[in-house]
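So the structure is just underneath, and the comments pick up after that.
2 protein chains.
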Amino acid sequence: NVLKVRGIETVATYDPKTDEFVITTPCESAQKYWIGGAANHATHTVVFSQLNINGRNQGVHAFIVQLRDFDGNICPNIRIADCGHKIGLNGVDNGRIWFDNVRIPRENLLNSVADVTPDGQYKSAIQDPDQRFAAFLAPLTSGRVTISLSAIYSAQIGLAIAIRYALSRRAFSFVPNEPEVLLLDYPSHQRRLLPLVAKTYAMTCAGNYLKKMYVKRTPESNKTIHVVSSGFKAVLTWHNMRTLQECREACGGQGLKTENQVGHLKGEYDVQSTFEGDNNVLMQQVSKALLGEFIAAKKKNKPFKGLGLEYMNEPWPVIPSQLTSDILRSSNFQITTLRLRERDLLNRFAAEMSQHQSSGVNKEYAFALGYQLAEDLGRAFSDRIIFETFLNDEGTVSTGPMKDVVGKLRSLYALTCMEEDAAFLRYGYLSTEKAAAVRAEVAKLCSELRPHALGLVSSFGVPGAFLSPIAFNWIDSNAWSSSSA
Amino acid sequence: NVLKVRGIETVATYDPKTDEFVITTPCESAQKYWIGGAANHATHTVVFSQLNINGRNQGVHAFIVQLRDFDGNICPNIRIADCGHKIGLNGVDNGRIWFDNVRIPRENLLNSVADVTPDGQYKSAIQDPDQRFAAFLAPLTSGRVTISLSAIYSAQIGLAIAIRYALSRRAFSFVPNEPEVLLLDYPSHQRRLLPLVAKTYAMTCAGNYLKKMYVKRTPESNKTIHVVSSGFKAVLTWHNMRTLQECREACGGQGLKTENQVGHLKGEYDVQSTFEGDNNVLMQQVSKALLGEFIAAKKKNKPFKGLGLEYMNEPWPVIPSQLTSDILRSSNFQITTLRLRERDLLNRFAAEMSQHQSSGVNKEYAFALGYQLAEDLGRAFSDRIIFETFLNDEGTVSTGPMKDVVGKLRSLYALTCMEEDAAFLRYGYLSTEKAAAVRAEVAKLCSELRPHALGLVSSFGVPGAFLSPIAFNWIDSNAWSSSSA
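Here it is as structure tokens:
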């Protein structure tokens, strides 16, 4: 059960007589659930288990356990059941595992963090149990990195299909007896899809940034990777589900047909907001980490350093009083406003936590009570970093028509963030007049990006085989001659 | 194609020599799509078609056409294909139909609105072609009524499952070594589910109100039913999809298992936001109708009458300057604030439309440009009527503990509407301080309704067979003994 790693109930007891660990599932709630490949195929698995040596619990450790022999027969003292039919990803044979005193060699302990000697002595270079636990879990980060990237890939597929369909499907006309209008020429249809295209561009930059940071990881960067990947995993997978839903609806009835992919991808990727951490919980973890930074800097009266919070050492930013189109589209206004939100929310969150605790509420319950600001803050942090990665990549594009388009995408991303999160109005970062200017500019940017729509989704580079009939000629693909072929 | 009824391309030509209509599908885009039951089973269908008499088009009319004989063989000159695999509702055999000069008896014209005499004279009591068209379409309203109701039923099922699971599933603990906490004791989990319960209660009242209005319909109430059913269909089906998604995520991995219903229902009901009118388009239709009322009243300098707009004859409402808990929970504050939003948005929408048109933009394109306010207004109208139906039903509950709970649900519904729609801040109906008070009260109401959660979802009366294993004993249902049974 991934939700409560530290509270894992499985126990591995060291038996020095045989130089083995004995792994046991002590109760039904300790069964291993959702193990990918376990139901039918896997021959080995990595088991996270409490380590018991001479009656003393050394905390959670990881062990290799063989599940099946090479003919596919389940090994003795192991029981495996299928997780059953799911709403998506049925190509993965998720399984559930019980261990009935399964014996494994001592060498099967994954010992990069800690080891056990043949006579049963526990050795670890990391003395603090919390740090040791974190070191054991560090490899799990890769899950959040790959989920974030795959979320963006499926959003790209959905948008490529929905935009191409909106460029061939017509409905109604503005003038009687004139030809019907392309869906994407409706301002409301532009507003449905183009901000999602801009977000997907920004998040593509963010995903690549996270991937590179993960590949080049060092012990020093582990914490940053943990926090950024938590925030990105939540924001990018939520974006993916929302994008696929909007694309499904934007394709109308055609979006319901399985062959048109969009609706089907929703089912496949729904799990992303849950696995490797519930998205709401991850957002709270991001805010917890930010609060840690905040408290450390304030206590020691030191400048902020890390997680991109260095900007907080500067004076409070000021939003220009008149938001012209030029200002709204300047990266300076955009980053200033995104940072203002994050900084203010972090201050408010710290104040709320300190208030709860001084009123006698313990730390964990204070966090539980502060979920509203925690989730707002987690989003503000993620949006700000996503924006920074986009801005960074924009800097590598040479001046010309392409850079103009990229600049519009960047503006649409930033202004959509501001329009969609009520926090900008709720906490007064934007007055009602300024929020109205932002909203009007979003509609304007959508119409300016409309002529580039096909190019923008083509640039995702989705292979034709991943698209669907309505992404090409939807009338031909629905003709009688196609249906009877 | 439901999206463009008036532009239907199918033609029925009257042949006085044989006293028949000849029905033809002139091109691929005219094929009838998504016809429920057509792919395999239906023997007859109602065809909407242009009616051509002596070369003159009399507009869209409805005809009965036999599709199959009673042995199930497709009739001559008719071609039928399956719509293919869908992401939901595969129990319905949706089909596509082409007519190749199919001859039907003259009596097969559905003639309550208009008729054709044997010698080819067209007769109708309704002279205005627009009114005649509306009369032909009126029976389609029943689709939106039943969709609205079924949306609420599936939201009820999802919530009953998710709340019951949250009352047995535990995770983490607030105090080390204390028992883990029930999911529904987390304030964040209450905030995810309980406002959806309150909304579902309000929308259940609204659905019943719509159903009764439909059953007792008169020619005078047709327009109201058309507008209200359009708004409700959009708002209730969006609510359903959002509720099922939140319930799916709130059930974690268990929500992914098909046996647990919630995820599966999402796929089944996804189509609701599309069929019988795309929800965004329906919202725009609601606003168009409201604008019609507005213009009619202003032009004739007459009081508002109909669609519940009578309140607009009163002076502009005033929101109290200090929002105490008592005020926030008073139905007077709630209805005043919901009406203020609707009234102001209607004024703004009328002003924007008039501005567009005076700048030379035609009416249809003006509506296309005004989509933002149109969608906000459609929602404001629907929320206000939903609230009124809830308030009305609350009035029938006798004083006592039950009425207290119903009052809290009504408050949670109203305040959640205010918290979730940024329009309240954007247009200044609520200042930032007042919006903060609303937000805090939502969290408070959630915790006060927490003890009633099981009772609230039990009152939906969902039969046990419609629930799922996790709605009962999720540990037992996942035990080895269950999986191997």
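Same order as they appear, the protein sequences are chains A and B. UniProt numbering applies: residue 1 is where the first sequence begins, and numbers increase by one. UniProt numbering applies: residue 1 is where the second sequence begins, and numbers increase by one. Each residue gets a CB set at the ideal place from its N, CA and C atoms; glycine is no exception. Note that this is a predicted model, so its numbers are computed, not measured.
When you compare the CB positions of residue i and residue j, do they come within less than 7 angstroms of one another, or not?
{"i": "Gly158/B", "j": "Cys247/B", "result": "yes"}
{"i": "Gly95/B", "j": "Ala12/B", "result": "no"}
{"i": "Leu425/B", "j": "Leu244/A", "result": "no"}
{"i": "Ile53/B", "j": "Gly120/B", "result": "yes"}
{"i": "Glu180/B", "j": "Arg192/B", "result": "no"}
{"i": "Val145/B", "j": "Tyr209/B", "result": "no"}
{"i": "Ala134/A", "j": "Val113/A", "result": "no"}
{"i": "Arg36/B", "j": "Val92/B", "result": "According to the sequence shown, residue 36/B is Gly rather than Arg. The answer is yes: Cβ separation under 7 angstroms."}
{"i": "Leu256/A", "j": "Val262/B", "result": "no"}
{"i": "Glu249/A", "j": "Ser273/B", "result": "yes"}
{"i": "Glu420/A", "j": "Arg410/A", "result": "no"}
{"i": "Ala206/A", "j": "Ile386/A", "result": "yes"}
{"i": "residue 495/A", "j": "Ala42/A", "result": "In this structure chain A extends from 1 to 485, so residue 495/A is not present and cannot be described."}
Tell me residue i's beta-bridge partners as DSSP assigns them.
{"i": "Leu51/A", "result": "Ala12/A"}
{"i": "Asn90/A", "result": "Partner(s): none; Asn90/A has no beta bridge."}
{"i": "Asp128/A", "result": "Answer is none; Asp128/A lacks a bridge partner."}
{"i": "Thr45/A", "result": "Val65/A"}
{"i": "Trp316/A", "result": "Note: Trp316/A sits in no beta bridge, so no partner."}
{"i": "Lys223/B", "result": "Partner(s): none; Lys223/B has no beta bridge."}
{"i": "Thr24/B", "result": "Val11/B"}
{"i": "Asp115/A", "result": "Lys123/A"}
{"i": "Leu109/B", "result": "Phe63/B"}
{"i": "Phe99/A", "result": "Ile78/A"}
{"i": "Asn332/A", "result": "According to DSSP, Asn332/A bridges with nothing at all."}
{"i": "Val181/B", "result": "Ala171/B"}
Buried or exposed: where does residue i fall if 16 or more other Cβ atoms within 10 Å of its Cβ makes it buried?
{"i": "Pro469/A", "result": "buried"}
{"i": "Thr396/B", "result": "exposed"}
{"i": "Phe99/A", "result": "buried"}
{"i": "Ser230/A", "result": "buried"}
{"i": "Cys446/B", "result": "buried"}
{"i": "Val228/A", "result": "buried"}
{"i": "His44/A", "result": "exposed"}
{"i": "His85/B", "result": "exposed"}
{"i": "Val235/B", "result": "buried"}
{"i": "Ser287/B", "result": "buried"}
Please report how far the alpha carbon of residue i lies from the alpha carbon of residue j, in whole angstroms.
{"i": "Glu352/B", "j": "Leu340/B", "result": "18 angstroms"}
{"i": "Ser483/B", "j": "Val281/A", "result": "30 angstroms"}
{"i": "Pro16/B", "j": "Arg56/B", "result": "14 angstroms"}
{"i": "Glu388/B", "j": "Phe381/B", "result": "11 angstroms"}
{"i": "Leu456/B", "j": "Val197/B", "result": "8 angstroms"}
{"i": "Pro105/A", "j": "Ala366/A", "result": "44 angstroms"}
{"i": "Gln131/B", "j": "Ala423/B", "result": "35 angstroms"}
{"i": "Phe48/B", "j": "Ile8/B", "result": "8 angstroms"}
{"i": "Ala202/B", "j": "Leu182/B", "result": "27 angstroms"}
{"i": "Gly428/A", "j": "Asn332/A", "result": "19 angstroms"}
{"i": "Val175/B", "j": "Lys199/A", "result": "40 angstroms"}
{"i": "Gly72/B", "j": "Thr141/B", "result": "30 angstroms"}
{"i": "Gly252/A", "j": "Glu259/A", "result": "14 angstroms"}
{"i": "Asn478/B", "j": "Met402/B", "result": "36 angstroms"}
{"i": "Ile23/B", "j": "Ile97/B", "result": "12 angstroms"}
{"i": "Leu3/B", "j": "Met418/B", "result": "Only weak support is given to the placement of Leu3/B: the predicted model assigns it a pLDDT of 43, under 50, and the value that follows is read from those uncertain coordinates. Approximately 32 angstroms, taken between the alpha carbons."}
{"i": "Leu449/A", "j": "Gly400/A", "result": "16 angstroms"}
{"i": "Leu51/B", "j": "Arg79/B", "result": "21 angstroms"}
Are any of the Cβ atoms in chain C nearer than 7 angstroms to that of residue i?
{"i": "Glu249/B", "result": "Looking at the structure shown, chain C is missing, and the protein chains on hand are A and B."}
Check distances from the C-beta atoms of the segment 74-89 of chain B to those of chain A and list, in chain order, the residues that come in under 9 angstroms.
Arg79, Ala81, Asp82, Cys83, Gly84, His85, Lys86, Ile87, Gly88, Leu89
With 8 angstroms as the C-beta to C-beta threshold (strictly closer), list the residues of the segment 16-42 of chain A near chain B in chain order.
Glu28, Ser29, Gln31, Tyr33, Trp34
For the segment 423-449 of chain B, enumerate the residues whose C-beta is nearer than 8 angstroms to any C-beta of chain A, in chain order.
Leu425, Arg426, Tyr427, Gly428, Thr432, Ala435, Ala436, Arg439, Ala443
What are the residues of the segment 390-416 of chain B that lie near chain A, defined by any Cβ-Cβ distance shorter than 8 angstroms?
none
Give me the subset of the segment 257-279 of chain B whose CB atoms are less than 8 angstroms from a CB atom of chain A, sorted by chain position.
Lys257, Thr258, Glu259, Gly263, His264, Lys266, Gly267, Asp270, Val271, Ser273, Thr274, Phe275, Asp278, Asn279
Just by C-beta distance, which residues in the segment 97-115 of chain B are closer than 8 angstroms to chain A?
Trp98
Interface positions of the segment 304-317 of chain B facing chain A (Cβ-Cβ less than 7 angstroms), listed along the chain
none
May I ask you to list, following chain order, the residues of the segment 188-222 of chain A that have a beta carbon less than 9 angstroms from some beta carbon of chain B?
Ser188, His189, Arg191, Arg192
Beta carbons nearer than 8 angstroms to chain B: which residues of the segment 332-365 of chain A have them?
Asn362, Glu364, Tyr365
Please identify, using Cβ separations under 7 angstroms, the residues of the segment 159-184 of chain B that lie next to chain A, in order along the chain.
Ala171, Phe172, Phe174, Val175
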